[in-house]
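Number of protein chains: 2
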Amino acid sequence: MDMDPPLQLRVFNLNCWAIRYLSKLRQERIGLIGDTLGQEGFDLALLQEVWSERDYCELKQKLTACYPYSHYFKSGVIGSGLCVFSRYPILDTFLYQYSLNGYPYMLQHGDWFCGKAVGLLIIKICGIIFHVYVTHLHAEYCRDKDAYLPHRVVQAWELAQFIQHTSKGADVVLLGGDLNMHPGDVGIRLLRGWTGLRDSFADTERFEGCEDGCTLVPANCFINKEELQPFPLGIRIDYVLYKGLSRFVVKCDSLVTTTGTAPGKSIPYSDHEAVIATLCVKPREEAKGSSGSAVEPELVDVVNEARTEVRVGLHTAERQRYSNGRMAILALLLLLLQAAMGLSSLVGWDSPQPFPKFSFSLLSLLATVVLLLSMVLYVFHTIEVKMLQGTEEQMRLALQALQDKLSSM
Amino acid sequence: MDMDPPLQLRVFNLNCWAIRYLSKLRQERIGLIGDTLGQEGFDLALLQEVWSERDYCELKQKLTACYPYSHYFKSGVIGSGLCVFSRYPILDTFLYQYSLNGYPYMLQHGDWFCGKAVGLLIIKICGIIFHVYVTHLHAEYCRDKDAYLPHRVVQAWELAQFIQHTSKGADVVLLGGDLNMHPGDVGIRLLRGWTGLRDSFADTERFEGCEDGCTLVPANCFINKEELQPFPLGIRIDYVLYKGLSRFVVKCDSLVTTTGTAPGKSIPYSDHEAVIATLCVKPREEAKGSSGSAVEPELVDVVNEARTEVRVGLHTAERQRYSNGRMAILALLLLLLQAAMGLSSLVGWDSPQPFPKFSFSLLSLLATVVLLLSMVLYVFHTIEVKMLQGTEEQMRLALQALQDKLSSM
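These protein sequence lines map, in sequence, to chains H and X. 409 is the number that our numbering gives the last residue of the first sequence; the numbers go up by one with no jumps. 1409 is the number that our numbering gives the last residue of the second sequence; the numbers go up by one with no jumps.
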């Protein structure tokens, strides 16, 4: 294939933080994001946390001329928040919902209700098949005691597996999203190691933006400065990753992040910084062969590390399931006892000091609520246990295959 | 590639109906299935409804010598019930859980608790990459008034999309399972039309077994004869489907089903009949080109028909969500009213005829339970609505792509 000059692709990625009634200056910011996308004319805009479909429709209406193709991925109670605007036709889409995504009773965190997922779009640009993935993983609320780490590791594993299994027909793979993982975290090492995806920040020759490529920075007025205290420069959790397959190589010509405010404005687009990557796609020189087929021996350690995290999560989930089962049994016993007492009073076996009726009823109300809730939670944690066991088993199989490959090299 | 003689593959598929404490003669039948698999030495055995991991482990232990490789897919509360025994190494596995799968409150049906899914196994046989899919879709409990039809259509669509997106690297695609759809149903026409999979029963030259290839037959002693009354010959809902990609063609040399009892025994393996396909894989002759790339104009009608079913489901789900929302609001109002009455009696504003305390408490117990349940169901049906909307949108996009392809032909 002759491509002269090589294909240049400008990709915009942003976690928009657009929660109705909760996010500050949401409407102004959505307006601002729409204006910027319209003016800049990127090839692709990958957005996360566009929770309201009304906001998506507003953007879509504004951007029809510049981005005639777009897609919103629906899932969960609120919606996945994931959407994509494209200058090129979207040929097909597919959604994979992560099997684990926090807990429905953690209402203050709310990730469970979002149905976190990875969306795949197949886009053909100048005859090159792009598999574009957009995702948003479970948030990290407390780094020191991260209760969601096993779920995030499972999500990273499922993301890696999903990309590997669905990208065989692609020429170029592109992943953008808020991965909620620092660059050195086990999940991102697993994702990169397993898929061979390259990090635009690590690979680019020209970078402009926040130091270390951070995308949550203290300079952003919507950021809780206290939460970022252990990281004075901020943290990098939003990524544009890519790889060329078979006949193509991809390079990141330049990478830009916003630096606390939208360019030329007094407010930022979001509480996250936008990541803008300019990628260059050109045909692979035959001699160099296909990339990504070599197995790095370090990957074995990474999969092992991830597997340990999954095991820790499994242990916790089993404990939680056990407590809920025990609670359900206790509530059931109490209800049975009350039923027996009620029956005995009906047939005239009144005890000398009857239990006050009001307290009696209140107690049965409480027992019923506890029974119902703990039964639902028992079922929920059983599903969690099954999924963690399944992932652990998959990782074991993957490790075996890896070791076989390494020993035959 | 030179393959002389061509590769012959014997595939065994069975819905094992192995529900602990509920399925009749479960242990005997699992023993019998294990014995048959051991004696016959198939290349692949695709099993469904092995709900108990203990049964899987028993089979695994028995079959280690003959089938050194096996995998059990974990999901849902009970487990997916899907497992595979293979004579050849399993290189990788991946699980996709269907986004819709019945209702948790339909305890008598219980499909929701199984976490219905499609499992993918990648197996290399004589240098040929097989993508083997095993699945079990939502059951049909009443054909005339099938409340689960929209969910099953969504599952068929997700199955078709999953196969299409994950099979690009395969030489041969093989799908076995209990699809719970008659051969003419919209879901199976959608699945076959979208993926280009061929039906071993329709394609084979040599068939031996129940008339019309039925896999639920009145001759089976575990079958409820009344339920099969409209179909005197039985129905065909278990399938082995296949296709060759790029360099290979697959043919079904022969297909056999059991006929109500296990061969030479007095009891059947299960309430379903086993399907045994002998497939022949050989290199494609270059001149004939790759199959499956041509688009059939009828597919547009099939996708449209499926989309209509999804819309019907969407309408029902929206109505159910609305009723649950209304019920939650009513229960909340009742609780607020009771709280106000309770407070007024506390501050001494006793009404002349006070409400009996016991009935008062019982009513609040009822209101609390109703409030909790209807809130949970509201959330559940909201997720259902989102997924149906998402599928409908995906189908719209697919139709557009189909029509573009057809008009450019």
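Every residue gets a Cβ at the ideal spot worked out from N, C-alpha and C, and that includes glycine.
{"query": "Closest residue to H:E58 among H:F85, H:F207 and H:S80 (Cα-Cα distance)", "result": "H:F85"}
{"query": "Runs of beta strand (DSSP E) wholly within the stretch 1099-1163 of chain X (minimum 3 residues, chain order)", "result": "1117-1125 and 1128-1136"}
{"query": "The beta strand (DSSP E) enclosing X:D1404, as first and last residue numbers", "result": "Taken as a continuous stretch (DSSP letters only), X:D1404 belongs to no beta strand (DSSP E), being part of the alpha helix (DSSP H) at K1357 to S1407."}
{"query": "Where H:S291 falls: helix, strand or coil (DSSP)", "result": "Confidence at H:S291 is low in this model, with a pLDDT of 48, below 50, so its placement is unreliable and the value that follows should be read with caution. In the structure shown, H:S291 sits in coil (DSSP, three-state: anything other than H, G, I, E or B)."}
{"query": "Three-way DSSP call (helix, strand, coil) for H:Q48 in this model", "result": "strand"}
{"query": "For H:I235, three-class secondary structure by DSSP", "result": "strand"}
{"query": "Where H:Q155 falls, given that 16 or more other Cβ within 10 Å makes a residue buried", "result": "buried"}
{"query": "Three-pair Cβ contact test at 8 Å for the stretch 165-176 of chain H versus the stretch 209-218 of chain H", "result": "no"}
{"query": "Residue-level contact to chain X via CB, H:T382, 9 Å cutoff", "result": "yes"}
{"query": "Under 9 Å (Cβ pairs) to chain A, residues found in the stretch 1087-1116 of chain X", "result": "Looking for chain A here will not work: the only protein chains present are H and X."}
{"query": "Residue-level contact to chain H via CB, X:Q1048, 9 Å cutoff", "result": "no"}
{"query": "CB of H:L137 within 9 Å of CB of H:L159, strictly", "result": "yes"}
{"query": "Buried or exposed by the 16-neighbour rule on C-beta atoms within 10 Å, applied to H:G234", "result": "buried"}
{"query": "Residues bridged to H:C83 (per DSSP)", "result": "H:L47 and H:Y72"}
{"query": "Own chain partners of X:Q1338 with C-beta closer than 8 Å, once the 5 adjacent residues on each side are dropped", "result": "F1360, L1363, S1364 and A1367"}
{"query": "Length of the line joining the Cα atoms of H:R198 and H:C252", "result": "9 Å"}
{"query": "Nearest to H:V50 (by Cα), restricted to the options H:F42, H:R396 and H:K74", "result": "H:K74"}
{"query": "Beta-carbon neighbours of H:V369, restricted to chain X and to distances below 8 Å", "result": "T1368, V1369 and L1372"}
{"query": "Segment limits, beta strand (DSSP E) that includes H:R177", "result": "The sequence shown places Gly at residue 177 of chain H, not Arg. From DSSP, the beta strand (DSSP E) with H:G177 extends over V172 to D178."}
{"query": "Where H:A401 meets chain X, residues with beta-carbon distance less than 8 Å", "result": "L1091 and D1092"}
{"query": "Presumed contact (8 Å Cβ cut-off) between H:I90 and H:C114, rounded CB distance", "result": "Contact doesn't hold; Cβ gap of about 22 Å is too wide."}
{"query": "Minimum Cβ-Cβ distance from H:E393 to chain X less than 9 Å", "result": "yes"}
{"query": "Range covered by the alpha helix (DSSP H) that runs through H:A202", "result": "S200 to D203"}
{"query": "Alpha-carbon to alpha-carbon, H:A317 and H:A147", "result": "11 Å"}
{"query": "Same chain, Cβ closer than 7 Å to H:T257, five either side skipped, listed in chain order", "result": "G209, C210, G213, T215, E273, A274 and V275"}
{"query": "Buried or exposed (CB count within 10 angstroms, at least 16 for buried), H:M421", "result": "Any property of residue 421 of chain H remains undetermined from this structure, which presents chain H solely from 1 to 409."}
{"query": "Straight-line gap, H:A18 to X:R1236 (C-alpha atoms, nearest Å)", "result": "49 Å"}
{"query": "Contacts of X:V1281 in chain H (Cβ-Cβ under 9 Å)", "result": "Correct list: empty, because the minimum Cβ distance to chain H is about 19 Å."}
{"query": "The beta strand (DSSP E) enclosing H:Y96, as first and last residue numbers", "result": "I90 to Q97"}
{"query": "Boundaries of the alpha helix (DSSP H) in which X:A1306 is found, first to last residue", "result": "E1298 to L1346"}
{"query": "Given 8 Å, three or more beta-carbon pairs between the stretch 310-330 of chain H and the stretch 379-398 of chain H", "result": "yes"}
{"query": "Identity of the residue in X:P1297, X:I1267, X:R1247 and X:Q1164 nearest X:S1407 by Cα", "result": "X:P1297"}
{"query": "Inter-residue spacing [alpha-carbon to alpha-carbon] between X:R1143 and H:H315", "result": "43 Å"}
{"query": "Reference H:G38, options H:F231, H:V250 and H:Y67, closest by Cα", "result": "H:Y67"}
{"query": "Spatially closest choice to H:A331 from H:Q164, H:L372, H:R307 and H:C280, by CA coordinates", "result": "H:L372"}
{"query": "Alpha helix (DSSP H) segment containing H:D35, residue limits", "result": "R26 to E40"}
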